[in-house]
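Data first, discussion second: the structure below is written as structure tokens.
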Amino acid sequence: MDKEFIETMMLTFELATITTLILLLIGIPIASFLAFSRMRFKSIFETIVSMPLVLPPSVLGFYLLIAFSPVSVIGAFLGEHGINLAFSFEGLVIGSVIFSLPFMVHPIQSALSGIPPSLFEASYTLGKSKLETMTRVVLPSIKHGLISGIVLAFAHTVGEFGVILMIGGNIPGVTRVASIAIYDEVESLNYALAHQYALTLFVVTFTILLIVYTLNKKSIKGSML
Amino acid sequence: MIDIDVRIDLNTSKGPIEARYKLHIKMNEFITLFGKSGAGKTTLLRLIAGLEMPKSGRLVVDDEVWFDSDKKINLPPQKRGVGFVFQDYALFPTMNVEKNILYGCKTGEQKKNLPKLLAITELENLASSYPHQLSGGQKQRVALSRALINEPKILLLDEPLSALDNEMRVKLQQELLTIHKEFNIPALLVSHDVAETIKLSDRVAMIEGGVIRRYDTPVNIFPQVESLFGEIIEIAENKMNILIGSSIISMNIDDKDALFYKTGDKIKLKITNNSKDMCV
């Protein structure tokens, strides 16, 4: 198989995996804040988290590109420390985390909102800290929300196009992911290779979703028995 | 000894009010907080558990200060050592009965209470079942066992029997009394059922609009209920169940009584100072 094809596919899944792991780490506290906080200005945070759902990817990509550029305050600051995020894999990870944030946060937030407050309170009266309550009671209870978040964030990152094109461009082995490659091959009228990328993405994402939902269904059945 | 003297702002259907709870409980008493819905009964339980913070006042349990607004002491719920049975039972859905009960155990010594509790609450055969597989009565027993396994300083019961049918209710009322005797700790039960209150309580705190209007024995609290009229619905060995209003009271009888009464008899129960042994 073509070396460049393998390299591009590896990069695509590497980006999706790293992005999903980061999102899982930051998604749980953000979702907890949105589900339980009684803060007055919570709606502002909710709006910011949900923005990527409706914002054109090119808008987000454009502002990220501006932010990463050496002439901006952020870009200049990073440049002083030897970090250049524009047209780099790290830049793609940051863009993907922001772009896929609602896909991780919303399912977890919704699962957390469904947990009765008495479950937390029961755990507290039994002497358990907030952290232990979270790890032993809450997270196992929202397993399905977590799985949905992981699958959606992963699949959304694999299929990302606009943001990546704006901040990453099309550098083979660095920022060229499958969705960009498909566009590039179609532009070059190389339909066979475009088809190879497209079909691989189709099969891989279908298989991942199928496995996850089958396992999910089994675990629901198991807990019902 | 438990001394409660706290104030808290409450939002009621009639608007915001300042609730004031002043109560003195002996270490092995069974107290019922009696009053209408929204009177502030559950709030008092939650204040004792540390799930709500009073505006001001003092709460001392067994010489340990749990809350003191002047000294800025507010012990978190984790450190209070209460056993709380919630109205919805609050069982952990991903844990089986045994894991639910053992969840709060910190020492092996506490875990040794498991067989005794499973036996009292007749849960031995359900130890590996999950909450969604249990009936309301079984869930209530798991919640009760979980609350008791750490040998808490006080047992708080938020209407644990309200969602159960009459038969299960009477069985669990009896179990509550047995457990209370066994563990010898103060218990506070939220209820708005007169018969249940009379049957279970040593004393009754009558709460209205966030204030304890009266605090006395059931006989003195319900003087108009000098006697209760009921119908015998079941006579078993040394025991008979009597339907009073929508509640069933179970009481011990001797062989002579067992021969004298029959199912369907209408009877009048006289309430005595020790209402747990009501006489016929």
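Top to bottom, those sequences are chains E and W.
Counting in our numbering, the first sequence runs from -7 upward without gaps.
Counting in our numbering, the second sequence runs from 3 upward without gaps.
Cβ atoms here follow ideal geometry from the backbone N, Cα and C, with glycine treated the same way.
Sequence-distant residues of the same chain with beta carbon closer than 8 Å to Asn98 (chain W), five excluded per side
Looking up residue 98 (chain W) in the second sequence gives position 96. Taking Asn98 (chain W) as the centre and dropping the five residues before and after it, the same chain places the C-beta of Ala129, Ser130, Ser131 and Tyr132 closer than 8 Å to its C-beta, in chain order.
Is His187 (chain E) helix, strand or coil when you go by DSSP?
On the first sequence, position 195 is the one that residue 187 (chain E) refers to. In the structure shown, His187 (chain E) sits in a helix (DSSP, three-state: H, G or I).
Can you look up Tyr176 (chain E) in the DSSP assignment and give me helix, strand or coil?
Taking the first sequence and counting its residues from 1, the one referred to as residue 176 (chain E) is at position 184. The residue asked about is misnamed: residue 176 (chain E) is Asp in this sequence, not Tyr. Look at Asp176 (chain E) here: in three-state DSSP terms it is helix.
Along the chain, where does the beta strand (DSSP E) containing His26 (chain W) start, and where does it finish?
The residue you call residue 26 (chain W) lines up with position 24 of the second sequence. First-last of the beta strand (DSSP E) with His26 (chain W): Gly17 to Ile27.
Would you mind stating whether Ile4 (chain W) and Ile19 (chain W) have Cβ atoms separated by less than 8 Å?
To locate residue 4 (chain W), count along the second sequence from 1; it is residue 2. To locate residue 19 (chain W), count along the second sequence from 1; it is residue 17. In this structure, Ile19 (chain W) does not lie closer than 8 Å to Ile4 (chain W) by Cβ.
Let me know if Asn102 (chain W) comes out buried or exposed under the rule of 16 or more other beta-carbons within 10 Å of its beta-carbon.
Here the question's residue 102 (chain W) lines up with position 100 in the second sequence. Under a 10 Å Cβ-count criterion, Asn102 (chain W) is classified as buried, with 16 or more other Cβ atoms of the shown protein chains found around its own Cβ.
Which listed residue (W:Ile234, W:Ser252, W:Ile251 and W:Leu245) has its alpha carbon closest to that of Phe262 (chain W)
The residue you call residue 262 (chain W) lines up with position 260 of the second sequence. The shortest C-alpha separation from Phe262 (chain W) is found at W:Ile234.
Neighbourhood of Tyr189 (chain E) by C-beta, 6 Å cutoff - its chain only, sequence neighbours within 5 removed
Along the first sequence, one-based indexing puts residue 189 (chain E) at 197. Setting aside the 5 residues that flank it on each side, Tyr189 (chain E) is surrounded in the same chain by Ala170, Ala173 and Ile174, each with a C-beta closer than 6 Å to its C-beta; the list follows chain order.
Using a C-beta to C-beta distance shorter than 9 Å, which residues of chain W count as neighbours of Pro99 (chain E)?
Here residue 99 (chain E) is taken as the residue at index 107 of the first sequence, counted from 1. Neighbours of Pro99 (chain E) on chain W: none; closest Cβ ~18 Å, over 9 Å.
Cβ atoms of Gly87 (chain E) and Ile156 (chain E): under 8 Å apart, would you say?
If you number the first sequence from 1, residue 156 (chain E) lands on position 164. If you number the first sequence from 1, residue 87 (chain E) lands on position 95. Taking 8 Å as the Cβ cut-off, Ile156 (chain E) and Gly87 (chain E) qualify as a contacting pair.
Taking CB distances under 8 Å as the criterion, tell me whether Leu53 (chain W) reaches chain E.
For the purposes of this step, residue 53 (chain W) is identified with residue 51 of the second sequence, where counting begins at 1. It does: the Cβ of Leu53 (chain W) has a partner Cβ on chain E nearer than 8 Å.
With distances taken from CA atoms, which of W:Lys241, W:Asn240, W:Glu236 and W:Asp257 is nearest Lys268 (chain W)?
The residue given as residue 268 (chain W) occupies position 266 in the second sequence. Closest option to Lys268 (chain W), Cα to Cα, is W:Glu236.
Based on DSSP bridge pairs, tell me the residues matched to Ile209 (chain W).
Along the second sequence, read from residue 1 onward, the residue named residue 209 (chain W) stands at position 207. Looking at the DSSP output, Ile209 (chain W) bridges to W:Ile214.
For Tyr23 (chain W), count the other beta carbons within 10 Å of its own beta carbon; 16 or more makes it buried, fewer makes it exposed. Which is it?
If you number the second sequence from 1, residue 23 (chain W) lands on position 21. Classification of Tyr23 (chain W): buried, given that the 10 Å Cβ count is 16 or more.
In the DSSP output, which residue or residues are listed as bridge partners for Ala189 (chain W)?
Position 187 of the second sequence, counted from the first residue, corresponds to residue 189 (chain W). Note: Ala189 (chain W) sits in a beta bridge opposite W:Phe32 and W:Leu157.
In angstroms with no decimal places, state the Cα-to-Cα distance between Ala41 (chain W) and Glu210 (chain W).
Translated into positions along the second sequence, residue 41 (chain W) becomes position 39. Translated into positions along the second sequence, residue 210 (chain W) becomes position 208. Looking at the two C-alpha atoms, the distance is approximately 5 Å.
Where DSSP assigns a beta bridge to Arg171 (chain W), which residues make up the other side?
Residue numbering aside, residue 171 (chain W) sits at position 169 when the second sequence is read from its first letter. In the DSSP assignment, Arg171 (chain W) forms no beta bridge with any residue.
So Asp90 (chain W) contacts chain E; which residues on that side make the cut at Cβ distance below 7 Å?
Your numbering for residue 90 (chain W) matches position 88 in the second sequence. Residues of chain E passing the Cβ test: Pro108 and Ser110.
Could you check whether the Cβ of Lys108 (chain W) sits closer than 8 Å to any Cβ belonging to chain E?
One-based indexing of the second sequence puts residue 108 (chain W) at position 106. For Lys108 (chain W), at least one C-beta of chain E is nearer than 8 Å to its own C-beta.
Decide if Asn186 (chain W) is buried, meaning its Cβ has at least 16 other Cβ atoms within 10 Å, or exposed.
On the second sequence, residue 186 (chain W) is found 184 positions in, with the first residue counted as 1. Asn186 (chain W) comes out exposed.
What separation, rounded to the nearest whole angstrom, lies between the Cα atoms of Lys155 (chain W) and Val206 (chain W)?
Translated into positions along the second sequence, residue 155 (chain W) becomes position 153. Translated into positions along the second sequence, residue 206 (chain W) becomes position 204. When rounded, the distance between both Cα atoms is 20 Å.
Min CB distance Phe94 (chain W) to chain E below 8 Å:
By one-based count along the second sequence, residue 94 (chain W) stands at place 92. Answer yes: the Cβ-Cβ gap between Phe94 (chain W) and chain E drops below 8 Å somewhere.
Under 8 Å: do the region 38 to 45 of chain E and the region 109 to 126 of chain E share three or more Cβ pairs, one atom per stretch?
Contact between the region 38 to 45 of chain E and the region 109 to 126 of chain E is absent: fewer than three C-beta pairs spanning the two stretches fall below 8 Å.
Comparing alpha-carbon positions, which option in E:Ala114, E:Asn208, E:Asn76 and E:His187 lies nearest Ile139 (chain E)?
Mapped onto the first sequence, residue 139 (chain E) falls at position 147. Taking only the C-alpha atoms, the option nearest Ile139 (chain E) is E:Asn208.
In three-state terms, what does DSSP make of Ser215 (chain E)?
Locating residue 215 (chain E) in the first sequence gives position 223, counting from the first residue. Here the model assigns Ser215 (chain E) a pLDDT of 47, short of 50, so the residue's position is not dependable and the matter cannot be decided.
So, with DSSP's three-state summary, where would you put Gly232 (chain W)?
The residue labelled residue 232 (chain W) in the question sits at position 230 within the second sequence. Under the three-state reduction of DSSP output, Gly232 (chain W) falls in the strand class.
My guess is that Leu144 (chain E) and Phe91 (chain E) are in contact by the Cβ rule of under 8 Å, so how many angstroms apart are they, rounded?
The residue given as residue 144 (chain E) occupies position 152 in the first sequence. The residue given as residue 91 (chain E) occupies position 99 in the first sequence. In fact, because the Cβ distance is near 12 Å, the residues do not count as touching under 8 Å.
Can Asn240 (chain W) and Val172 (chain W) be called in contact, C-beta distance under 8 Å?
The sequence position of residue 240 (chain W) within the second sequence is 238, counting from 1. The sequence position of residue 172 (chain W) within the second sequence is 170, counting from 1. Against a cut-off of 8 Å, the Cβ pair of Val172 (chain W) and Asn240 (chain W) comes out as no contact.
Determine the burial state of Ile183 (chain E): buried for a count of at least 16 other Cβ atoms within 10 Å of its Cβ, exposed for fewer.
Indexing the first sequence from 1 puts residue 183 (chain E) at position 191. The amino acid at residue 183 (chain E) is misidentified as Ile; the sequence shows Tyr. Per the 10 Å Cβ criterion, exposed.
So, do the region -1 to 13 of chain E and the region 150 to 164 of chain E have three or more beta carbon pairs nearer to each other than 8 Å?
Touching, yes, given that three or more Cβ pairs across the two stretches are closer than 8 Å.
Taking beta-carbon pairs under 9 Å, can you tell me which members of the region 46 to 63 of chain E lie near chain W?
If the cut-off is 9 Å between Cβ atoms, the region 46 to 63 of chain E has nothing near chain W.
Tell me the DSSP secondary structure of Val63 (chain E) in three-state form.
Residue numbering aside, residue 63 (chain E) sits at position 71 when the first sequence is read from its first letter. When DSSP states are grouped into helix, strand and coil, Val63 (chain E) belongs to the coil group.
Inter-residue spacing [alpha-carbon to alpha-carbon] between Asp90 (chain W) and Glu31 (chain W):
Along the second sequence, read from residue 1 onward, the residue named residue 90 (chain W) stands at position 88. Along the second sequence, read from residue 1 onward, the residue named residue 31 (chain W) stands at position 29. Answer to the nearest angstrom: the Cα atoms are 25 Å apart.
Could you please tell me which residues of the region 63 to 82 of chain W, in chain order, have their CB closer than 9 Å to any CB of chain E?
Answer set for the region 63 to 82 of chain W: Pro78, Pro79, Gln80, Lys81 and Arg82.
Got a sec? Which residues, its chain only, sit under 6 Å from Met170 (chain W) by beta carbon, not counting five neighbours each side?
Numbered from its first residue, the second sequence carries residue 170 (chain W) at position 168. Same-chain partners within the cutoff: Gly139.
Are the beta-carbon atoms belonging to Ser64 (chain E) and Ile58 (chain E) less than 8 Å from one another?
Sequence index remark: in the first sequence, residue 64 (chain E) carries index 72 (1-based). Sequence index remark: in the first sequence, residue 58 (chain E) carries index 66 (1-based). Their beta carbons are under 8 Å apart, which means Ser64 (chain E) touches Ile58 (chain E) by this criterion.
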